[in-house]
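K.L.:
Residue numbers (the working numbering): 1480 to 1580. One structure coming up, written as structure tokens, with questions to follow.
See the structure below:
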């Protein structure tokens, strides 16, 4: 089609084209925010899914720790006493060194 034919088509169908354009603008106006909200919700869902995986992993680790504490595992309790509470066994001497700067 040449430009004259396009111009003639637009002039002959002015009302339907204006109504169609107005309809598209109204739809975009009302659905635009919904689409943005949908995208935002998808991103939030993805972020929360990652956070859920991390929390599940942390929960499993804490459950395992709790089970070791409930069993009163001597090896585990000794490790906790030495690392967290700086305790030493009988007849042991603790040496502390300053880290190199």
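We put the CB at the ideal spot given by N, CA and C, even for glycine. Quantities reported herein were computed from a predicted structural model and do not represent experimental measurements.
So what does DSSP say about residue 1567, is it helix, strand or coil?
P.N.:
Looking at residue 1567 - three-state DSSP - the assignment turns out to be coil, as it is neither helix nor strand.
K.L.:
My output table needs one value for residue 1575: the three-state DSSP class, helix, strand or coil.
P.N.:
Three-state DSSP puts residue 1575 in coil, outside helix and strand.
K.L.:
Which parts of the stretch 1503-1573 are runs of the alpha helix (DSSP H), unbroken and 4 residues or longer, counting only runs that do not cross its ends?
P.N.:
Within the stretch 1503-1573, the complete alpha helix (DSSP H) runs of at least 4 residues are 1553-1564.
K.L.:
State the Cα-Cα distance for the pair residue 1512 and residue 1489, rounded to the nearest angstrom.
P.N.:
Roughly 31 Å separates the two Cα atoms.
K.L.:
Taking the alpha-carbon positions, what's the residue 1486 to residue 1493 distance?
P.N.:
C-alpha separation (whole angstroms): 10 Å.
K.L.:
Can you grab the Cα-Cα spacing for the pair residue 1504 / residue 1510, in whole Å?
P.N.:
If you take the alpha carbons of residue 1504 and residue 1510, they lie about 10 Å apart.
K.L.:
Pick from 1567, 1549 and 1550: whose alpha carbon is nearest that of residue 1557?
P.N.:
Closest option to residue 1557, Cα to Cα, is 1567.
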